[in-house]
Amino acid sequence: MNSSPSRRAAAITLLFGLAGGVLAPVAAAVPADSAAPAVVVGPVPGAVPGDPLADRVEDTYPFFSTTADLAARGYVEEEFYLSGLADGWGIDGARVATDVPYTTRIVVRRPANPGKFNGTALVEWQNVTAGYDLDALWNADSVTRSGSAWIGVSAQRVGVDQLRGWSPARYGHLDVTGGGAYTGDELSYDIFTQAGAAIDARGPGSPMGGLEVESLLAVGASQSAGRMTVLYDRVLPQVQPVFDGYAFVVGSAPSRVGAEPVFQVLSETDVRSAARPADTRQFRRWEVAGAAHSGYAGQVYRAPISERDLGGAPEYDCDRPPFSRIPMHHVTAAAYKHLAGWVERGMPPPTAAPLEFEADGVTKKRDPLGIALGGIRLSQAAVPTALNSGDNTGESFCRLFGAHVPFDEETLSQLYPHRGGYLRQVKAVDRDNVRSGYLLRPDARENWRTALSSEIGRR
């Protein structure tokens, strides 16, 4: 554990577990400055397939349970209830309440075998922009191959309210508002921190199944990154630290310089001007050319889950074909590995070139094909077969999806008259990105397989 003595003061109190099929508290995470422990209950029974509206909890299943075959990857998915007393905080950092009762849920996806665990726990603040809990940063391939654990925390009222209606038997007792007294998510900061303390706790009955966490990383995307920014800037200076490091993805990042390192990873969508903070010994910012705030890979993963749990996947009428196919998740996977090394060994991540802007400071520079210049340039942007952009317009969330417009045959023939030339370019770009630290080798191999299976240069 890469822990300070104050953080290690977050202890675990063992209670009692499942006996005779009866769900009971198993452990309590005790933050150093908390008056009472947060009690962990579970694992909660029930798994897919099931009926969210069933009367018995064991006949239901966790909302947005992953469709990935975790067992084949040596992983398990378990859900727990987390109850305790939380303080309330305003967005200005003022403490507005103390010791307010709450009950929420956490979802844990972890290696079944402790020997396969790499020591890194990614604790995600679930995103609720769409009106329900969204595990925006979960990626089955990158998490499971690395041996990390992923934990989703339901910290906000909107997500919990949706859960209560979705499965009353499973979630009807959850409440993060103090019985309706605090509906502005004032309790969310303390709830998220207490969830982290529970994951960090050791001993039998831990929601981590006995796995020993070495790097406890708080991660959040978009709206969740905004909540975490308030936590880091305004709340954290007043409480004992729990997390070793923070990753802010496609969203805001703190301005305060604290003891815990901060990694901000932005898509092209999120970079709106040339004004940006400088990298420091405690802060890194990466910007990914052509990537979208909410891109193709996430949409493909979530579509069948939305069909199952929400009755259908949303459709959008955007002005250009939506969903950039620049694999932003490849870059975040590299960022998580760097962040773990940062907190464990004091090794700051590499810096990266920013996206380029015209003299007005708000118009992105683009090449003749329309692709943004500068930034981290994955092979899908540097050796393009389509226009992938972070920008789009149209209804609803279209502005977040970016665009993907395949090149016509004439353009492809001009760019890549010979297949060998195309393949050599892909390999060279990916090799450079691996050496620079922006891309992991397994993802480079995936890119290579995709290039080999394409028809580019065969014409």
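Those letters in the sequence shown? Residues -24 to -1, 1 to 435, per mature numbering (1 follows the signal peptide of the UniProt record, and there is no 0), in order.
Here a beta-carbon is modelled for each residue, glycine too, at the ideal position from N, C-alpha and C.
Remark: C-beta atoms of Asp166 and Val211 approach each other more closely than 9 Å. In this structure the stretch 223 to 235 touches the stretch 199 to 206; the number of beta carbon pairs closer than 8 Å is three or more. Exposure of Asp293 is indicated by the presence of fewer than 16 other C-beta atoms within 10 angstroms of its C-beta. In this structure, Tyr37 lies away from Gly60, with their beta-carbon atoms at least 9 Å apart. DSSP, reduced to helix, strand and coil, places Asn103 within a strand of the structure shown. Annotation: Glu34 to Ala362 spans about 47 Å, alpha carbon to alpha carbon.
Residue Leu98 holds the alpha-carbon nearest to the alpha-carbon of Asp111 among Gly123, Arg121 and Leu98. Here Pro213 is exposed. Its C-beta has fewer than 16 other C-beta atoms within 10 Å. In the DSSP assignment, Ser389 falls within the unbroken alpha helix (DSSP H) covering Glu385 to Leu391. Shown here for Ala329: same chain residues with a beta carbon closer than 7 Å to its own, the five before and five after excluded, namely Gly350 and Gly351 in chain order. The C-beta separation of Arg296 from Asn368 comes to about 5 Å, placing the pair in contact by the 8 Å criterion. Sequence-distant Cβ neighbours of Asp220 in its own chain, meaning closer than 7 Å and more than five residues away, are Asn(-23), Ser191, Leu192, Leu193, Glu236 and Val319. For Tyr414 and Thr153, the gap between their C-alpha atoms comes out near 40 Å.
When DSSP assignments are scanned along the stretch 45 to 132, the uninterrupted stretches of alpha helix (DSSP H) that are 4 or more residues long and fall wholly within it turn out to be 116 to 122. In this structure, DSSP gives Phe239 an extended state, which the three-state scheme calls strand. Note that the stretch 305 to 324 does not touch the stretch 377 to 391; fewer than 3 beta-carbon pairs, one per stretch, sit closer than 8 Å. Within the stretch 255 to 288, the complete alpha helix (DSSP H) runs of at least 4 residues fall at 272 to 286. Under the three-state reduction of DSSP output, Ser164 falls in the helix class. Classified as exposed, Ser249 has fewer than 16 neighbouring CB atoms from the shown chains inside 10 Å of its CB. Distance from the CA atom of Gly148 to the CA atom of Glu54, rounded to whole angstroms, is 19 Å. Around the beta-carbon of Ser130, 16 or more other beta-carbon atoms lie within 10 Å, marking it buried. At the C-beta level, Val241 and Trp262 come within 9 Å of one another. By a beta-carbon distance limit of 8 Å, Ala254 does not contact Asn103. Their separation comes to about 28 Å. Sequence-distant partners of Val247 (beyond 5 residues in either direction) whose C-beta falls short of 6 Å from its own C-beta, in its chain, are Glu263 and Leu331.
Taking 9 Å as the cut-off, the beta carbon of Leu391 is found no closer than this to the beta carbon of Leu428. If you check the CB distance, Ala267 and Pro326 do not come in under 9 Å. Excluding the 5 residues flanking it on each side, Ala88 has same chain C-beta neighbours closer than 7 Å at Gly50, Tyr51 and Val52, in chain order. Membership of Gly396 in the alpha helix (DSSP H) is indicated by the continuous run Arg395 to Ser412. Put simply, the backbone Cα of Val20 is about 11 Å away from that of Val84. Taking all protein chains shown into account, Lys340 has 16 or more neighbouring C-beta atoms within 10 Å of its C-beta and is therefore buried. Beta-carbon to beta-carbon, Asp176 and Val218 are separated by about 7 Å, close enough to satisfy the 8 Å threshold. The three-state secondary structure of Gly172, taken from DSSP, is helix. Only exposed fits Glu385, as fewer than 16 other CB atoms lie within 10 angstroms of its CB.
Per DSSP, the beta-bridge partners of Tyr222 are Ala194 and Val238. In terms of Cα proximity to Ser270, the closest of Leu286, Asn364 and Arg342 is Asn364. Contact annotation: Leu139 and Arg81 have beta-carbon atoms nearer than 9 Å.
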